[in-house]
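For what it's worth, my numbering labels the leading residue of the sequence shown as 841, then goes sequentially.
By construction, the Cβ of each residue, glycine as well, lies at the ideal position given by its N, Cα and C atoms.
Only one structure is covered here, and it is reproduced in the block below.
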Amino acid sequence: MTIILRFFLFLFVLLNLALAGLVIAGLFQWQPALQAVETYFLQASYMSRSWWIGLITVCAWALICLLFLIPAFKPKKKPKKVKYINTTSSHGSIQVPMETVEDIAHRSAATKPGVRHVDVSCSRAGENVVTLNVTVSADERTNESYLSQEVEESIRHDVENYAEVTIKSLNLKVEGAEQSSQRSKQKVQ
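Here you go:
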């Protein structure tokens, strides 16, 4: 919670307590409370100083109440539906989220020298089988064929060992510095 929100919450509670105290005191016929209510709300003549103080108090109170009621009317976001890959081994079965497989492939490719950017998408190809589409942006001085071979071996090894899923096909696209810069320019336009 931010400091400003805490301040407003404290102010809201303080004003609620003051209002509750004023109402309770008025119910028990406490003269200063009755006098404040009568002066600022009941007997204030139109456009007088007392009338303005009462109006400002009511408007400030309504604004503070609205500030605290707005979050109650915000629609709640539906939780993102997670897609899983069911894996079975000698120890039992487990559900691995596709995002986890994508993260493993992304980290595996990003750790190779000469890689600038990695995009990964994963799809389920069957029980315990996935298809990976990987796009790698390479540096200018990197040998693309060597990088392609290194990244593919690394992704296959890491995904199959850590996530315990089989890669049916790994569609790897290695872009040089010119291709990736042209693609980023097209996205900007």
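Asked: Which residue comes first and which comes last in the beta strand (DSSP E) that contains glutamate 1015?; Found: 1006–1015
Asked: Beta strand (DSSP E) containing alanine 965: first to last residue?; Found: 955–966
Asked: Taking the straight line between their C-alpha atoms, what separation do you get for threonine 940 and tyrosine 924?; Found: 9 Å
Asked: Confirm, please, whether the CB-CB distance from serine 1009 to threonine 971 is below 8 Å.; Found: yes
Asked: Considering only the beta carbon of each residue, do valine 936 and valine 958 sit closer than 8 Å?; Found: no
Asked: Any idea what DSSP makes of valine 991, helix, strand or coil?; Found: helix
Asked: Relative to the C-alpha of serine 963, which residue among Gln989, Asn1011, Ala949 is closest?; Found: Asn1011
Asked: Throw me the rounded Cβ distance for the valine 991 and alanine 949 pair, which I believe falls under 8 Å.; Found: 5 Å
Asked: Out of Thr927, Leu855, Arg889, Ser994, point me to the one whose CA is closest to valine 955's CA.; Found: Ser994
Asked: Alpha carbon to alpha carbon, what distance is there between phenylalanine 850 and serine 1020?; Found: Interpretation of serine 1020 is limited by its pLDDT of 45, a score under 50 that renders its predicted location unreliable; the figure taken from the coordinates is listed afterwards. Distance between the alpha carbons of serine 1020 and phenylalanine 850: 53 Å.
Asked: So what's valine 976 in DSSP terms, helix, strand or just coil?; Found: strand
Asked: Which of the three DSSP states, helix, strand or coil, is assigned to threonine 951?; Found: coil
Asked: If we ignore side chains and look at the alpha-carbon of each, how far apart do valine 1014 and isoleucine 904 end up?; Found: 56 Å
Asked: Under 8 Å by Cβ, that's how I've got asparagine 983 and threonine 927 pegged, so tell me the actual separation to the nearest angstrom.; Found: Actually they do not touch by this definition, with Cβ atoms about 35 Å apart.
Asked: Would you tell me roughly how many angstroms separate the C-alpha atoms of glutamate 980 and glycine 1016, rounded to the nearest one?; Found: 6 Å
Asked: Note down, in chain order, each residue of its chain lying with its Cβ closer than 8 Å to the Cβ of alanine 965, except the 5 sequence neighbours on either side.; Found: Thr971, Lys1008, Ser1009
Asked: State yes or no: is the C-beta of leucine 907 within less than 8 Å of the C-beta of phenylalanine 848?; Found: yes
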